[in-house]
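Below: one structure, written as structure tokens.
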């Protein structure tokens, strides 16, 4: 399928970054998503909540898409899959969630990259692409993120995307079955503008 046709099928924003394309997931992504998640299970599990027993089932994927569609309709979250524009391979996913308007104009960034694609700059490219959308079309003022202190790769992604460490939250999220402290990061729209022009190629580390 030609890339133009493939992108045109997506419902929601299609974001082109440096070596990545971000778009909302659709039912036909199930096989690629389940395969990548299964292949990356041991790699991802230390940094994520415990997976449900049926987490990789088609039914669970359909439920996931239903939640995503409602969130995008309400404008409270933008969950997007990350693809290689050259061969349309699924690389991971990134979500701008918990969007608050009014006096906040803030959202929260989260992401994962499959084991085969780690260390190639996918996370950084995806984060910068999503931030450009957050501070551009969505007109947010601030984006937050958090990671485990031991997740050095994720911390480096956030730093390269323009985030600054702002503190630590004790027992912030239940990760892999245990309440875990998290480092807290934030980036403002004017701060991101200063790093947006820096190259973040998928061939680069992280």
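Residue numbers (UniProt numbering): 1 to 206.
The beta carbon of each residue, even a glycine, is placed where N, CA and C say it ideally should be.
{"Query": "Consult DSSP for residue 163 and reduce its assignment to one of helix, strand or coil.", "Result": "coil"}
{"Query": "Pull up the distance between the alpha-carbon of residue 120 and that of residue 21, whole angstroms please.", "Result": "15 Å"}
{"Query": "Can the beta-carbon of residue 68 be found less than 9 Å from the beta-carbon of residue 13?", "Result": "no"}
{"Query": "Let me know if residue 128 comes out buried or exposed under the rule of 16 or more other beta-carbons within 10 Å of its beta-carbon.", "Result": "buried"}
{"Query": "Which of helix, strand or coil does DSSP assign to residue 97?", "Result": "strand"}
{"Query": "Counting Cβ pairs, one atom from each stretch, are 3 or more of them under 8 Å apart for the region 28-36 and the region 153-167?", "Result": "no"}
{"Query": "By DSSP, does residue 131 sit in helix, in strand, or in coil?", "Result": "helix"}
{"Query": "Locate the alpha helix (DSSP H) running through residue 181, then write down its first and last residues.", "Result": "Where residue 181 is concerned, there is no enclosing alpha helix (DSSP H), although the beta strand (DSSP E) it sits in stretches over 178-188."}
{"Query": "Quick one: Cα of residue 183 to Cα of residue 196, how far?", "Result": "23 Å"}
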